[in-house]
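Residue numbers (our numbering), protein chains in the order written: chain A, 1 to 264; chain B, 1001 to 1264. Heads up, the beta-carbon is just placed ideally off N, CA and C, and yes, glycines get one too. Since we're looking at a predicted model, the values are computed, not measured.
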DNA sequence: TAGTGGTCTAGACCACGTC
DNA sequence: ACGTGGTCTAGACCACTAC
């Protein structure tokens, strides 16, 4: 059938297609040593092939174990939009978060602590680079799936002073956003920024992915309705192979229809 | 000052910081051989370090030349939104395309041909996988910058039959969209999908990037206003390190303000 | 034609997670 | 403690690009 692989790319192609067509199954463990022997290539070449498909999220390598074939999951179609609503029952509902009706789970315990904040955060808050800021972190996923996203909420020192409960283990009904709005920061307005980057070691560990797999970083900066200064920054980190963002485009009301000829 | 690098990661860190602080300048050429000699490491280790920073877009490697340090460019803040407008002067204006007032250039000649279409396209058009479809391709960027995006527009066979001018070199004033709307496909509505993936060889060549640098793929499926069937699919491929997507979130009118307590 | 990236091999050592 | 991934070295060959 197929040619014997002689390079790391050919081996990566072969292993990838075997995983995709099901002849290698999720949970199975591939070892560079075995592949090397099987195809008569060096261990390093086999290892490089595994690194390639680990970077695609198809396997996950662990020292002392091997490369574990990951369960195949279609990309989640995450619906995007500009609308923020506040449901009297659930609190705020943002685009790009889960369907409020679908069961989601939290991995480990959500926790809060004061951490050196990344540049994006200190810049928004107008404080010195590397300053320690309140961070609330949770790692979540659809029920039964491996971690889907890390969500870090950083709350500005000024806002923490205004609403001390946001630094407590429990922020009370409606969460930290309601606490901030109650003390005069509402209505909060958000700007969202998205970029692609590589994960750091800790992110890869929490998301159970290879450090070679790019992640999507979605940041939302929330500004106080009182003085328009940033009060919170929420940063979500999502493995890029697990998501597909969908947005319906809306024709502006001013767009004329039927169309008028364009003058060139 | 800084420690002598002994691993490919350490060397990559060193070279990266030298590029970022300007002690290695754009246009300069790094050769694995030289780096190996300079730091007393093997050529392969130096090469691997160069591959890492090539995957970050900081250098671009060419056989027979070496690794050319790329000009530093901040990520472009591309403004996102759901609104599509049709300006009587410029035709349609979509989110995520350039500011119509900023000068952009086309790299090479835009061209059209019938090509085997990717799955996303044949699926939308409901035709057999791999069928040949009309593709209009252009590679564009802000003036004076290297290629920023590949924009491929695939037009369904049925739509080409309806409006043959869309297959001509020049589609006339208002472009192919006006031609499609004139023959009864208006108003066209769009859904946009975004994902991250690795580029293929040709994409990397056209965008002048390393094959190790992830790209953002933004697809817009345009559906006929007559029967809601897809008539065109436009796929844009953008190097992920050159862009940052920004979207202002809009509070839905129904969101109550001031906030009512959430019942838990 | 020459130069350089890209890759393979074989052997070796270290680091880290599992057992 | 053991097993495996991850990495380094040295030498070699090929492929592609520039000249």
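Worksheet item: According to DSSP, which residues form a beta bridge with residue 1149(B)?
Response: 1140(B)
Worksheet item: Listing by chain order, which chain B residues have their CB less than 7 Å from the CB of residue 190(A)?
Response: 1249
Worksheet item: So residue 32(A) packs on residue 50(A), CB below 8 Å; how close in whole Å?
Response: 6 Å
Item to complete: Under 8 Å between beta-carbons, which chain B residues line up against residue 214(A)? List them in chain order, please.
Response: 1196, 1214 and 1240
Discussion item. Distance cutoff 8 Å, beta carbons only. Does residue 1244(B) sit that close to anything in chain A?
Written reply: yes
Worksheet item: Taking the C-alpha atoms as reference points, what is the distance between residue 97(A) and residue 1239(B)?
Response: Bear in mind that a pLDDT of 49 at residue 97(A), under 50, signals an unreliable position, so the number given afterwards is only what the model happens to contain. So the alpha carbons of these two residues sit roughly 25 Å apart.
Worksheet item: In chain A, which residues lie less than 8 Å from residue 1073(B) when you measure between Cβ atoms?
Response: Near residue 1073(B) there are no residues of chain A at all, since even the closest Cβ is about 14 Å away, more than 8 Å.
Worksheet item: How about residue 1016(B): is its C-beta nearer than 8 Å to some C-beta of chain A?
Response: no
Fill in: Whether residue 62(A) touches residue 68(A) by CB criterion (8 Å)
yes
Practice prompt. Kindly say whether residue 1264(B), judged by its beta-carbon, lies nearer than 8 Å to any beta-carbon of chain A.
Written response: For residue 1264(B), the predicted model reports a pLDDT of 44, less than 50, meaning its position is unreliable; a value from the coordinates is still stated below. For residue 1264(B), the answer is yes, since a Cβ of chain A falls inside 8 Å of its Cβ.
Worksheet item: Of the choices 1193(B), 1143(B) and 1209(B), whose alpha-carbon is the least far from that of residue 1200(B)?
Response: 1209(B)
Worksheet entry | DSSP-derived helix/strand/coil call for residue 1018(B) | helix
Worksheet entry | Chain-ordered neighbours of residue 193(A) on chain B, where CB pairs are closer than 9 Å | 1077, 1244, 1245, 1246 and 1247
Practice prompt. Can you give me the start and stop residues for the alpha helix (DSSP H) that residue 53(A) sits inside?
Written response: 43–54
Worksheet item: Any idea what DSSP makes of residue 97(A), helix, strand or coil?
Response: With a pLDDT of only 49 at residue 97(A), under the threshold of 50, the placement of this residue in the model should not be trusted, and no figure is reported.
Practice prompt. Have a look at the DSSP bridge pairing and note the partners of residue 115(A).
Written response: 133(A)
Worksheet entry | residue 248(A) - DSSP class collapsed to helix/strand/coil | strand
Discussion item. If we require 4 or more residues per run, which alpha helix (DSSP H) segments fall completely within the segment 192–218 of chain A?
Written reply: 201–207
Worksheet entry | Rounded separation between residue 76(A) and residue 118(A) - CA only | 28 Å
Worksheet item: What span of residues does the alpha helix (DSSP H) with residue 1037(B) cover, start to end?
Response: 1032–1039
Practice prompt. Below 6 Å CB to CB, which residues in the same chain sit around residue 136(A) once its five sequence neighbours on both sides are set aside?
Written response: 112 and 153
Discussion item. Am I right that residue 214(A) and residue 1074(B) are in contact with their C-beta atoms under 8 Å? What's the rounded C-beta distance?
Written reply: In fact, because the Cβ distance is near 19 Å, the residues do not count as touching under 8 Å.
Worksheet item: Helix or strand or just coil, what does DSSP make of residue 1183(B)?
Response: helix
Worksheet entry | Beta-carbon separation (whole angstroms), residue 1116(B) vs residue 1132(B), contact threshold 8 Å | 6 Å
Worksheet item: In its own chain, which residues sit with a C-beta less than 6 Å from the C-beta of residue 1046(B), not counting the 5 before and 5 after it?
Response: 1032, 1035 and 1036
Worksheet item: Is it right to say residue 1028(B) is buried, meaning 16 or more other beta carbons lie within 10 angstroms of its own, or is it exposed?
Response: exposed
Worksheet item: Using the rule of at least 16 other Cβ atoms within 10 Å of the residue's Cβ for burial, across every protein chain shown, is residue 222(A) buried or exposed?
Response: buried
Worksheet item: Does the distance from the C-beta atom of residue 1244(B) to that of residue 1078(B) stay below 8 Å?
Response: yes
Worksheet item: Looking at the unbroken beta strand (DSSP E) that takes in residue 1157(B), where does it start and where does it end?
Response: No beta strand (DSSP E) holds residue 1157(B); the alpha helix (DSSP H) holding it covers 1157–1162.
Discussion item. With H, G and I counted as helix, E and B as strand and the rest as coil, what does DSSP make of residue 225(A)?
Written reply: coil
Worksheet item: Taking the C-alpha atoms as reference points, what is the distance between residue 134(A) and residue 224(A)?
Response: 17 Å
Worksheet item: Do you know offhand how far residue 1121(B)'s Cα is from residue 1179(B)'s?
Response: 20 Å
Worksheet item: Terminal residues of the continuous beta strand (DSSP E) containing residue 68(A)?
Response: 66–69
Worksheet entry | Boundaries of the beta strand (DSSP E) in which residue 1236(B) is found, first to last residue | 1230–1239
Item to complete: Helix, strand or coil for residue 1076(B), going by three-state DSSP, please let me know.
Response: strand
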